[in-house]
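Contents: one structure, followed by commentary.
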Amino acid sequence: MTADDTDSLSSHSPLAYVVLSGGIGGATGDSVMHSLDTVKTRQQGAPHALKYRSMLRAYSTLYLEEGFFRGLYAGFTPALLGSFPATCMFFGTYETTKRIGAYYKAPDTFVHLLGGLLGDLVSSVWYVPSEVLKTRLQLQGRHNNPHFYSGYNYRGFNDALKTIYRKEGLGALFFGYKATLARDLPFSGLQFAFYEKFHQWAQDYVGHGKDMGVGLELLTGAAGGGLAGIITTPLDVVKTRLQTQITKPTSVGGPTDTRVILSDSVLRSLATIWRTERFAGLFSGVWPRFVWTSTQSSIMLLLYQTALKAFDVYDPFNLEDHGRQKLQ
Numbered sequence: 133m134t135a136d137d138t139d140s141l142s143s144h145s146p147l148a149y150v151v152l153s154g155g156i157g158g159a160t161g162d163s164v165m166h167s168l169d170t171v172k173t174r175q176q177g178a179p180h181a182l183k184y185r186s187m188l189r190a191y192s193t194l195y196l197e198e199g200f201f202r203g204l205y206a207g208f209t210p211a212l213l214g215s216f217p218a219t220c221m222f223f224g225t226y227e228t229t230k231r232i233g234a235y236y237k238a239p240d241t242f243v244h245l246l247g248g249l250l251g252d253l254v255s256s257v258w259y260v261p262s263e264v265l266k267t268r269l270q271l272q273g274r275h276n277n278p279h280f281y282s283g284y285n286y287r288g289f290n291d292a293l294k295t296i297y298r299k300e301g302l303g304a305l306f307f308g309y310k311a312t313l314a315r316d317l318p319f320s321g322l323q324f325a326f327y328e329k330f331h332q333w334a335q336d337y338v339g340h341g342k343d344m345g346v347g348l349e350l351l352t353g354a355a356g357g358g359l360a361g362i363i364t365t366p367l368d369v370v371k372t373r374l375q376t377q378i379t380k381p382t383s384v385g386g387p388t389d390t391r392v393i394l395s396d397s398v399l400r401s402l403a404t405i406w407r408t409e410r411f412a413g414l415f416s417g418v419w420p421r422f423v424w425t426s427t428q429s430s431i432m433l434l435l436y437q438t439a440l441k442a443f444d445v446y447d448p449f450n451l452e453d454h455g456r457q458k459l460q
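Taking my numbering, the leading residue of the sequence shown gets 133, the next gets one more, and so forth.
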């Protein structure tokens, strides 16, 4: 089967609607799952902290000690500012790749894998700085946090941005850029290759031309994101450590546990974590990451399809009519 054999709604929708639908789905999914992402960040950033050892214990500890907004939803502002534009860029690139692949009759799996890789590469220019800010604020928690010392003590998003610029320079916003790409390029490629294949199987099961229903839409999205999330967990650990590690204590104290300073090389960092922490280190936070990637993926892709259908029906910007007129 080739890429042009897949009769998806996105293939004939105006690209602007694909972009907007992707942004809506991505930003909503990230917003809903942000608290679990914070739990994962604490587990990976403080691998020896017993109170964050299990997912449920970490979740309850963060909520009871630091609260909902300052604890579990720490770093939400940069996350949201990064999520919508970056997801728009991703889906625009992904859909363009699919259409080019269909034109040249390229194999489906190759097109979906390549589209995910290219989409993430393009959007990384926007989301990596927001990821650095988000991750540091998540690891820190509230200002002057008496329950956990991360080595950072920002008053909030604006203070974090100003402090990083003043003390570390703008380049610090791209700390761990290679590690982020090493995590996200394979994750996005695998996520969408898995999703498109699972979605095709589900459509074959219910019959072509029939609505597969919300349940199967959620399941195919969750399966694609969750499987890709587990596979890329070691790369996620390296990314988190590189973006949050400090080499000297700050005025509020150093980290609560001793961590080996990692090299900027992803492979050397993986080797270091394996040598010092084994599987427990490489796969720290794997269950929060699995729950996060599967649930976020299912929400994002369901809302993406829903928004795309709504745009197709209502055509609020008259793009469908404009496209038809150009073809006449």
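Glycine is no exception: its CB is placed at the ideal position from the N, C-alpha and C atoms.
Just so you know, these numbers come straight off a predicted model, no measurement behind them.
- How big is the Cα-Cα spacing for Thr97 and Thr427? Residue 97 lies beyond the residue range present for the chain, which begins at 133 and ends at 460; the question has no answer from this structure.
- Query: Using DSSP with H/G/I as helix, E/B as strand and the rest coil, what is Arg274?
  - Reply: Walking along the sequence shown from the start, residue 274 turns up at place 142. Looking at Arg274 - three-state DSSP - the assignment turns out to be coil, as it is neither helix nor strand.
- Where does Gly154 fall in DSSP's three states? Position 22 of the sequence shown, counted from the first residue, corresponds to residue 154. Three-state DSSP puts Gly154 in a helix.
- Message: At the level of alpha carbons, what is the spacing between Asn276 and Arg268?
- Response: Within the sequence shown, numbered from 1, the residue matching residue 276 stands at position 144. Within the sequence shown, numbered from 1, the residue matching residue 268 stands at position 136. If you take the alpha carbons of Asn276 and Arg268, they lie about 14 Å apart.
- Kindly give me the distance between the Cβ atoms of Ala360 and Phe326, rounded to whole angstroms, as I take these residues to be in contact under 8 Å. Along the sequence shown, one-based indexing puts residue 360 at 228. Along the sequence shown, one-based indexing puts residue 326 at 194. That belief holds up - the Cβ atoms of Ala360 and Phe326 are roughly 6 Å apart, short of 8 Å.
- What are the boundary residues of the alpha helix (DSSP H) that Ala190 is part of? The residue labelled residue 190 in the question sits at position 58 within the sequence shown. Its alpha helix (DSSP H) spans residues Met187 to Glu198.
- Query: Between the C-alpha atoms of Lys183 and Gly339, what's the straight-line distance to the nearest angstrom?
  - Reply: By 1-based counting over the sequence shown, the position of residue 183 is 51. By 1-based counting over the sequence shown, the position of residue 339 is 207. Those two C-alpha atoms are separated by around 49 Å.
- Does DSSP classify Met432 as helix, strand or coil? Within the sequence shown, numbered from 1, the residue matching residue 432 stands at position 300. Under the three-state reduction of DSSP, Met432 is assigned to helix.
- Message: Could you check whether the region 167-177 touches the region 235-243, counting it as contact only if at least three pairs of C-beta atoms, one from each stretch, sit closer than 8 Å?
- Response: Contact fails between the region 167-177 and the region 235-243, because fewer than three Cβ pairs, one in each stretch, are under 8 Å apart.
- Counting Cβ pairs closer than 8 Å, one from the region 305-325 and one from the region 252-269, do we hit at least three? yes
- Task: Taking 8 Å as the cut-off, decide whether the C-beta atoms of Gly161 and Met432 are in contact.
- Result: In the sequence shown, residue 161 corresponds to position 29, counting from 1. In the sequence shown, residue 432 corresponds to position 300, counting from 1. Against a cut-off of 8 Å, the Cβ pair of Met432 and Gly161 comes out as a contact.
- Task: Let me know if Ser153 comes out buried or exposed under the rule of 16 or more other beta-carbons within 10 Å of its beta-carbon.
- Result: Position 21 of the sequence shown holds residue 153. Of the residues assessed, Ser153 falls on the buried side of the cut-off, its CB having 16 or more other CB atoms within 10 angstroms.
- Task: Return the CA-CA distance between Leu271 and Gly177, expressed in angstroms with no decimal places.
- Result: Indexing the sequence shown from 1 puts residue 271 at position 139. Indexing the sequence shown from 1 puts residue 177 at position 45. C-alpha separation (whole angstroms): 7 Å.
- Candidates Tyr297, Ala206 and Val257: closest to Met221 by CA position: As a working note, residue 221 is residue 89 in the sequence shown. It is Val257 whose Cα lies nearest to the Cα of Met221.
- Task: Measure how close the beta-carbons of Leu212 and Ser163 come, nearest whole angstrom, since I'm counting them as under 8 Å.
- Result: By one-based count along the sequence shown, residue 212 stands at place 80. By one-based count along the sequence shown, residue 163 stands at place 31. Indeed they touch by this definition, with Cβ atoms about 6 Å apart.
- Taking DSSP as the reference, what is the three-state secondary structure of Ala206? On the sequence shown, position 74 is the one that residue 206 refers to. Coil.
- Task: Report the rounded CA-to-CA distance for Trp406 versus Phe289, giving the unit in angstroms.
- Result: Mapped onto the sequence shown, residue 406 falls at position 274. Mapped onto the sequence shown, residue 289 falls at position 157. One alpha carbon belongs to Trp406, the other to Phe289, and they sit about 33 Å apart.
- Excluding sequence positions up to five away, which residues of its chain have a Cβ less than 6 Å from the Cβ of Gly224? Residue mapping note: residue 224 aligns to position 92 of the sequence shown, counting from 1. So the list reads Val151, once near-sequence residues are dropped.
- Message: Is the separation between the beta-carbon of Pro366 and that of Leu313 shorter than 8 Å?
- Response: The residue you call residue 366 lines up with position 234 of the sequence shown. The residue you call residue 313 lines up with position 181 of the sequence shown. Taking 8 Å as the Cβ cut-off, Pro366 and Leu313 do not qualify as a contacting pair.
- Quick one: what does DSSP say Ser215 is sitting in, helix, strand or coil? To locate residue 215, count along the sequence shown from 1; it is residue 83. Under the three-state reduction of DSSP output, Ser215 falls in the helix class.
- Query: Do Lys230 and Arg247 come within 8 Å of each other at the CB atom, strictly closer than that value?
  - Reply: Counted from its first residue, the sequence shown places residue 247 at position 115. Counted from its first residue, the sequence shown places residue 230 at position 98. Looking at the sequence itself, residue 247 is Gly, so the reference to Arg does not match. Yes; because the gap between Cβ atoms is below 8 Å, this pair is in contact.
- Message: Can you give me the C-alpha to C-alpha distance between Glu409 and Ala403, rounded to a whole angstrom?
- Response: Taking the first residue of the sequence shown as position 1, residue 409 is located at position 277. Taking the first residue of the sequence shown as position 1, residue 403 is located at position 271. The alpha-carbon atoms of Glu409 and Ala403 are separated by roughly 10 Å.
- Beta-carbon proximity check, Arg145 vs Phe330, cutoff 8 Å: The residue given as residue 145 occupies position 13 in the sequence shown. The residue given as residue 330 occupies position 198 in the sequence shown. Checking the sequence shown, residue 145 turns out to be Ser, not Arg. Not a contact, by the Cβ cut-off of 8 Å.
- Query: Could one say the Cβ of Arg202 lies closer than 8 Å to chain D's Cβ atoms, at least one of them?
  - Reply: Reference to chain D is not applicable here, since this structure consists of a single protein chain.
- Task: Using only alpha-carbon positions, find the residue among Tyr284, Ser430, Tyr337 and Tyr226 that is nearest to Leu351.
- Result: For the purposes of this step, residue 351 is taken as residue 219 along the sequence shown, with counting starting at 1. Taking only the C-alpha atoms, the option nearest Leu351 is Ser430.
- Message: Given a cut-off of 8 Å on the beta-carbon distance, is the pair Leu249 and Leu317 in contact?
- Response: Locating residue 249 in the sequence shown gives position 117, where the first residue counts as 1. Locating residue 317 in the sequence shown gives position 185, where the first residue counts as 1. Yes, they are a contact pair.
- Are the CB atoms of Val346 and Leu434 nearer to each other than 8 Å? On the sequence shown, position 214 is the one that residue 346 refers to. On the sequence shown, position 302 is the one that residue 434 refers to. Yes.
- Should Ser416 and Gln175 be called a contact, given that it needs their Cβ atoms to be closer than 8 Å? Position 284 of the sequence shown, counted from the start, is the residue given in the question as residue 416. Position 43 of the sequence shown, counted from the start, is the residue given in the question as residue 175. In terms of Cβ geometry, Ser416 and Gln175 form a close pair [threshold 8 Å].
- Query: For Leu450, which three-state DSSP category applies?
  - Reply: Locating residue 450 in the sequence shown gives position 318, where the first residue counts as 1. Per the sequence shown, residue 450 should be read as Asn rather than Leu. Coil.
- Can you tell me which of Thr425, Tyr297, Pro420 and Thr228 puts its alpha carbon nearest to the alpha carbon of Ser186? Here the question's residue 186 lines up with position 54 in the sequence shown. Among Thr425, Tyr297, Pro420 and Thr228, the Cα nearest to that of Ser186 is on Pro420.
- For the alpha helix (DSSP H) that Asp316 lies in, which residues bound it at each end? By 1-based counting over the sequence shown, the position of residue 316 is 184. Per DSSP, Asp316 belongs to the alpha helix (DSSP H) from Tyr309 to Val338.
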